[in-house]
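Peer 1:
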Amino acid sequence: MTTSKTLALTEKLIALSSVTPDDKGCQQHLIDILTPLGFVCETIQSNDVTNLWARRGTTSPVFVFAGHTDVVPTGPVEQWRSLPFIPTHRDGKLYGRGAADMKTSIAAMVVACEEFIAATPEHTGSIAFLITSDEEGPATDGTVIVCDKLKARGEQIDYCLVGEPTSSAQLGDMIKNGRRGSLSGRLTIKGVQGHIAYPHLAKNPIHEAAQALADLVEEQWDAGNEYYLPTTWQMSNINAGTGANNVIPGDMVIDFNFRFSTASTAESLQQRVHAILDRHDLQYDLQWTLSGLPFLTPRGTLSDALSAAIEQETGIVTELSTTGGTSDGRFIAQICPQVIEFGPPNASIHKIDEHIELRHIDPLKNIYRRTLEHLLPV
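Residues are numbered in this note's numbering as their position in the sequence shown, beginning at 1, plus a constant of 28.
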């Protein structure tokens with residue numbers, strides 16, 4: 029059975045029930061490990077969120093490990109085969125909330141640094157950690173706050189490796205070198221409420237909007253590019269009516285979301301949605317929320333170093349991808365030219381009985397250490 033330092037640290041972190049935004053002491057535990065290694069640790073509190081910026085060294089290049097200590101809620105505890113905050117070994121796997129997303133990654137990063145510094149104490153450049161307890165939530169008091177602070181005081185970051193669970197079928201088969209942007213809208217179609225038997229005295233917003241919504245569904249927003257699939261538009265919620273079956277509703281509310289590539293901009297997508305709605309002469313109100321811009325790190329120094337480390341450790345030639353949801357990489361990309369995400373397989377994240385295979389834990393740590401060896405040699 030695996031008895032590594034990485035496993036032991038992972039289990040300690042899982043045992044801390046750090047549901048967003050409560051860090052539950054995870055970051056203090058990291059500080060206790062990093063400080064003796066020569067890291068200067070700074071806790072940055074914002075409302076109920078705890079953030080950590082820890083740096084070892086003052087020279088360039090600056091390599092950052094980024095991640096989050098917060099986890100999503102457990103869901104019905106009775107549906108778990110073992111308690112979510114009691115790390116449990118079963119069938120060659122480690123079970124617990126955060127096992128895959130992303131406490132194993134954080135533990136692997138820390139132990140990788142321990143090993144790298146012990147072997148190469150006079151390495152070039154600097155190593156840093158950017159850790160938050162607000163990634164799974166609104167993400168308004170987390171990584172974005174730290175990035176703003178670093179930018180304001182002129183601290184430069186050259187490379188950032190985010191420990192998100194990017195692998196698919198096996199450890200190392202996929203890394204993320206970018207993410208799509210996320211643009212949401214809340215559309216209110218305005219009608220006139222009335223009795224369903226007298227439609228001529230009312231104006232049904234469902235009927236009024238039907239063709240416009242069909243046009244939005246059928247619209248080809250862009251063709252994507254060599255790095256991204258085409259932009260998508262999806263409705264997530266539609267609400268209309270009073271609950272009575274004899275009342276024409278007075279309005280209808282539709283929530284929708286774009287996941288967009290660098291082939292489009294948020295502004296161009298907004299303009300096109302308004303044009304489609306206006307073409308149908310609708311009375312409406314539309315509120316927009318831009319959660320994140322797309323970012324892309326073309327193949328280069330960081331992706332090459334990580335790809336080489338993965339192949340050395342696993343024999344796998346990894347795939348670069350921009351699929352999936354948003355991450356805190358979108359904030360870091362505003363101050364860092366090379367941002368890559370890599371971590372364990374993601375099939376169980378956010379689910380009941382979240383887990384990671386025990387056989388993946390030390391190889392993940394080794395990949396992170398090898399990446400440091402490639403980028404920060406003596």
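Beta carbons are placed, not taken as given, at the ideal position from N, Cα and C, and that holds for glycine.
1. What residues are listed by DSSP as bridge partners for Trp408?
2. How would you call Thr38, buried or exposed, if buried means at least 16 neighbouring beta carbons within 10 angstroms?
3. Could you round the C-beta distance between Thr34 and Lys393 to whole angstroms and report it? I think they count as a contact, below 8 Å.
4. Near Met130, which residues of its chain fall below 7 Å by C-beta distance, leaving aside the five closest residues on each side in sequence?
5. Return the chain-ordered list of same chain residues with a C-beta closer than 6 Å to the C-beta of Ala140, the five sequence neighbours on each side being excluded.
6. Assign Ala375 to buried or exposed, taking buried as 16 or more other Cβ atoms, counted over all protein chains shown, within 10 Å of its Cβ.
7. Do Arg207 and Gly357 count as a contact pair if the criterion is CB distance below 7 Å?
8. Tell me which same chain residues have a C-beta within less than 6 Å of the C-beta of Phe284, skipping the five on either side of it?
9. Is the segment 318 to 327 touching the segment 232 to 239, taking contact as three or more C-beta pairs under 8 Å?
10. Can you tell which of Gly182, Asp306 and Ile185 has the C-alpha that lies nearest to the C-alpha of Leu215?
11. Any idea if Thr63 is buried or exposed, counting beta-carbon neighbours within 10 angstroms, 16 or more meaning buried?
12. Run through DSSP, which three-state label would Glu369 get?
13. Note down the Cα distance separating His223 from Ala272, rounded to an integer number of angstroms.
14. Tell me the DSSP secondary structure of Gln107 in three-state form.
15. For Glu385, list the residues DSSP reports as bridge partners.
16. Could you pull the DSSP bridge partners for Glu210 from this structure?
17. Per DSSP, which residues does His223 bridge with? Please list them.
18. Are the CB atoms of Ile344 and Gly200 within a distance shorter than 7 Å?
19. DSSP three-state label for Asp313, please.
20. Suppose contacts are defined by Cβ-Cβ distances below 7 Å. Is Asn79 in contact with Val174 by that definition?
21. Applying the 10 Å Cβ sphere with the 16-neighbour rule, what's the burial state of Met29?
22. Do the segment 97 to 117 and the segment 172 to 186 meet, that is, are 3 or more Cβ pairs less than 8 Å apart?
23. Taking C-beta to C-beta, are Val100 and Asp169 nearer than 7 Å?
24. Measuring only the C-alpha atoms, how far is Arg83 from Ser154?
25. Between the segment 238 to 256 and the segment 287 to 296, can you find at least three pairs of beta-carbon atoms closer than 8 Å?
Peer 2: Here's the rundown:
1. Look at the range of the chain in this structure, 29 to 406, and you will see that residue 408 is not part of it.
2. So Thr38 ends up on the buried side.
3. Between the beta-carbon of Thr34 and that of Lys393 there is about 5 Å, and that keeps the pair under the 8 Å contact cut.
4. If we look at Met130 and ignore the five residues flanking it on each side, its Cβ neighbours are Gly95, His96, Gly191, Glu192, Pro193 and Gly371.
5. If you ignore the 5 residues before and after Ala140, its C-beta comes within less than 6 Å of the C-beta of Lys393, Tyr396 and Arg397, all in its own chain and listed in chain order.
6. Note on Ala375: under 16 other CB atoms within 10 angstroms of its CB, so exposed under the neighbour-count rule.
7. Their beta carbons are under 7 Å apart, which means Gly357 touches Arg207 by this criterion.
8. The beta carbon of Phe284 sits closer than 6 Å to the beta carbons of Gly213 and Met263 from its chain, once the five residues preceding and following it are set aside; these are given in chain order.
9. They do not touch, by the three-pair rule.
10. Considering only Gly182, Asp306 and Ile185, the residue with the shortest C-alpha distance to Leu215 is Asp306.
11. Exposed is the label assigned to Thr63, since fewer than 16 other Cβ atoms lie within 10 Å of its Cβ.
12. Residue state, collapsed to three classes: strand.
13. If you take the alpha carbons of His223 and Ala272, they lie about 10 Å apart.
14. Correct three-state label for Gln107: helix.
15. Glu385 has Lys121 as its beta-bridge partners, per DSSP.
16. In the sequence as displayed, the identity of residue 210 is Ser instead of Glu. Ser210 is bridged to Arg287 and Gly320.
17. Note: His223 sits in a beta bridge opposite Val275.
18. If you check the CB distance, Gly200 and Ile344 come in under 7 Å.
19. For Asp313, the secondary structure class from DSSP, reduced to helix, strand or coil, is strand.
20. Contact: yes.
21. Bear in mind that the predicted position of Met29 carries a pLDDT of just 42, short of 50, making it too unreliable to give a figure here.
22. In short, these stretches do not touch, since the Cβ pair count stays below three.
23. No.
24. Roughly 7 Å between the two C-alpha positions.
25. Short answer: they touch.
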